[in-house]
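Notes to accompany the following structure.
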Amino acid sequence: MHVDVYLSRIGFSGSPSRSLHVLRSVHTCHLLSVPFENLTVHSGGRVQLDPPHLYEKLVLQRRGGFCYENNSLFAWLLTQMGFQVTLLSAQVKNQTTGFYGPPFDHLVVMVTLDGQRWLCDVGFGGPGFRTPLSLDTRGPQEQGHRVYRITEQRNETSGMLFLEWQQEENRGEDGDWTEIYKFTLDPRRMEDYAEMCQFHQSSPCSFFFCKSLCTILTPEGRLTYIGRRLTTTTFPKEGSVLETSTRDLQDDEIPGVLKEKFGIMLKSPLIPKDEPMTPHRVIY
192 MHVDVYLSRI GFSGSPSRSL HVLRSVHTCH LLSVPFENLT VHSGGRVQLD PPHLYEKLVL
252 QRRGGFCYEN NSLFAWLLTQ MGFQVTLLSA QVKNQTTGFY GPPFDHLVVM VTLDGQRWLC
312 DVGFGGPGFR TPLSLDTRGP QEQGHRVYRI TEQRNETSGM LFLEWQQEEN RGEDGDWTEI
372 YKFTLDPRRM EDYAEMCQFH QSSPCSFFFC KSLCTILTPE GRLTYIGRRL TTTTFPKEGS
432 VLETSTRDLQ DDEIPGVLKE KFGIMLKSPL IPKDEPMTPH RVIY
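Rendered as structure tokens:
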């Protein structure tokens, strides 16, 4: 890990001090620079989670990755910068079925700084938040036109936290909230995610196995490639509304789009994929 090279990769040019301002800045810089993508799975490769490989792939080769890659490498960066970091396990809610994924479905990061706890997630995609969210706040947390909140359900043994948002609206605390994922604050190790990492590369119940995907936050909104489609989303500004446009792609166009729009050049041919998911047999 060369911290200066990583920070240059994500376009952060400030002093890498251990502060909330820097944490917020590197979080946003990562999202604007490193795509959330699973293209290795659809170009004849397998995702490897050892840190040197991830550093080579995401920093030196300027690729992206899914949550186990983006968030674990980001956690390593923060650790090298002096932050106190804890890996957490989350379960993503399927917006079609209403059910959650299995344990270790998603990897997120908690940073403890000056007695305050912050949720970091640079490996999620569309509904993801731009800057860390306070884990010590239960009220709405606004980020631009969006609003998020973290709620809690406790029992005799533990507490389950829920990340919620109002999608692309902000109607205040009494608006309609939608769950994104649930998680606990139990510390985890990278070995804990190995089985689910394989699941997401091989199971017809996984979105990542069924669809070739690449998406990145932009200063204006988001770019998303899935299968044979490219979608451009422009976030609303004052007096405007959310705008979305989609265009179909021919197979021979896709490598050029990935290079031009996402800065990605694959070593092996991509096989575009956009198939429906098979419902999981177990309900979580």
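Residues 192 to 475 (my numbering) are what the sequence shown spells out, left to right.
In this text, a Cβ means the ideal position worked out from N, Cα and C, and glycines have one as well.
With respect to Gly235, Pro460 sits close: the two C-beta atoms are nearer than 9 Å.
In the three-state reduction of the DSSP assignment, Phe453 falls in the helix class. Annotation for Tyr197: the continuous alpha helix (DSSP H) segment containing it runs 194-200. Its chain contains Ser397 as the residues whose beta carbon lies nearer than 7 Å to that of Phe390, once the 5 sequence neighbours on both sides are disregarded; these appear in chain order.
Just so you know, the alpha carbons of Leu408 and Gly350 end up roughly 31 Å apart. The shortest CA-to-CA distance from Val432 to any of Glu466, Asp439, Glu360 is the one to Glu360.
Non-local C-beta neighbours of Lys452 in its own chain, meaning closer than 6 Å and more than five positions away in sequence, comprise Leu414, ordered along the chain.
Linking Val238 to Gly366 through their CA atoms gives a straight-line distance of about 39 Å. Annotated three-state conformation of Phe353 is strand, per DSSP. Membership of Trp267 in the alpha helix (DSSP H) is indicated by the continuous run 258-271. In this structure, the CA atom of Thr437 is about 42 Å from the CA atom of Arg345. Taking a contact to require three or more Cβ pairs closer than 8 Å, the region 227-234 and the region 206-214 do not qualify as touching. Assignment of beta-bridge partners to Ala281 by DSSP yields His297, Phe374.
A Cβ-Cβ contact shorter than 9 Å links Cys401 with Glu466.
Gln357 has its alpha-carbon roughly 24 Å from the corresponding atom of Pro293. When DSSP reads this structure, Val302 sits in a beta bridge with Val276, Trp309. Taking C-beta separations shorter than 8 Å and ignoring five residues to either side along the sequence, the partners of Asp327 in its chain run Gln307, Arg308, following chain order. Between the region 282-293 and the region 337-344, the count of C-beta pairs closer than 8 Å stays below three; the two stretches do not touch. At a Cβ-Cβ threshold of 9 Å, Leu268 and Tyr197 count as neighbours. DSSP places Gln332 inside the beta strand (DSSP E), whose first and last residues are 332-334. Per DSSP, the beta-bridge partners of Ile417 are Leu404, Arg420.
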